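For the sequence shown, our numbering assigns the number 16 to the initial residue and increments by one for each residue that follows. Working notes, structure below.
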Amino acid sequence: MRRGIRDEYQPQYACVSAAEAAAVAGDHGRKLHELPWLYLDSVGQEYGPVPGWTMREWLTLGRFPVGGDLRVRLPEWETHLPLHQLFPDLNTAFVLPP
16 MRRGIRDEYQ
26 PQYACVSAAE
36 AAAVAGDHGR
46 KLHELPWLYL
56 DSVGQEYGPV
66 PGWTMREWLT
76 LGRFPVGGDL
86 RVRLPEWETH
96 LPLHQLFPDL
106 NTAFVLPP
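Put into structure tokens, the structure is as follows:
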């Protein structure tokens with residue numbers, strides 16, 4: 016039986032864990048915990064960039080009193096978005112890609 020081109024060329028993909036895949040997904044080649052986040056304080060002053068791992072730590076420590084209403088953006092975004100819009104489950108904020 017003759018094999019077709021489609022059968023002969025099977026791309027080889029490396030096996031990676033879900034955590035490894037999430038660490039590079041949708042981040043322009045940057046690691047998720049290193050994404051440079053900018054955020055607005057309660058009076059609209061922008062701060063950052065702050066690495067994702069720091070944002071995550073601050074969120075879990077309650078450093079952002081507005082919680083899910085915190086407005087954030089990545090440098091390539093023009094506008095800030097509420098955290099709850101990017102991460103409906105705040106347990107995934109700054110852990111999974113937005």
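Every residue gets a Cβ at the ideal spot worked out from N, C-alpha and C, and that includes glycine. Since the structure is predicted, the reported quantities are computational estimates derived from the model, not experimental observations.
Query raised in the report: For G83, which residues of its own chain have a beta-carbon under 7 Å away from its beta-carbon, when the five flanking residues on both sides are left out?
Result: The answer, listed in chain order, is P97, L98, H99, L105.
Query - Of the listed residues V81, F109, L111, nearest to S57 (C-alpha basis) - result: Ranking V81, F109, L111 by Cα distance to S57 puts V81 first.
Report task. In the DSSP assignment, find the beta strand (DSSP E) that holds R8 and state where it starts and stops. Result -> What is shown of the chain runs 16 to 113, which leaves residue 8 out entirely.
Query raised in the report: When the distance is taken between beta carbons, is L53 closer than 8 Å to V87?
Result: With contacts defined as CB atoms closer than 8 Å, V87 and L53 qualify as a contacting pair.
Report task. Below 7 Å CB to CB, which residues in the same chain sit around G67 once its five sequence neighbours on both sides are set aside? Result -> Answer for G67: L47, H48, E49, L50, W52, F109, listed in chain order.
Report task. Go ahead and pull the three-state DSSP assignment for G82. Result -> Here G82 sits in helix by DSSP.
Query raised in the report: Taking the alpha carbon of F102 as the point to measure from, which residue in L85, T94, T69 has its own alpha carbon closest?
Result: Per the Cα distances, L85.
Query raised in the report: So, helix, strand or coil for L101, using DSSP?
Result: Reduced to three states, the DSSP call for L101 is helix.
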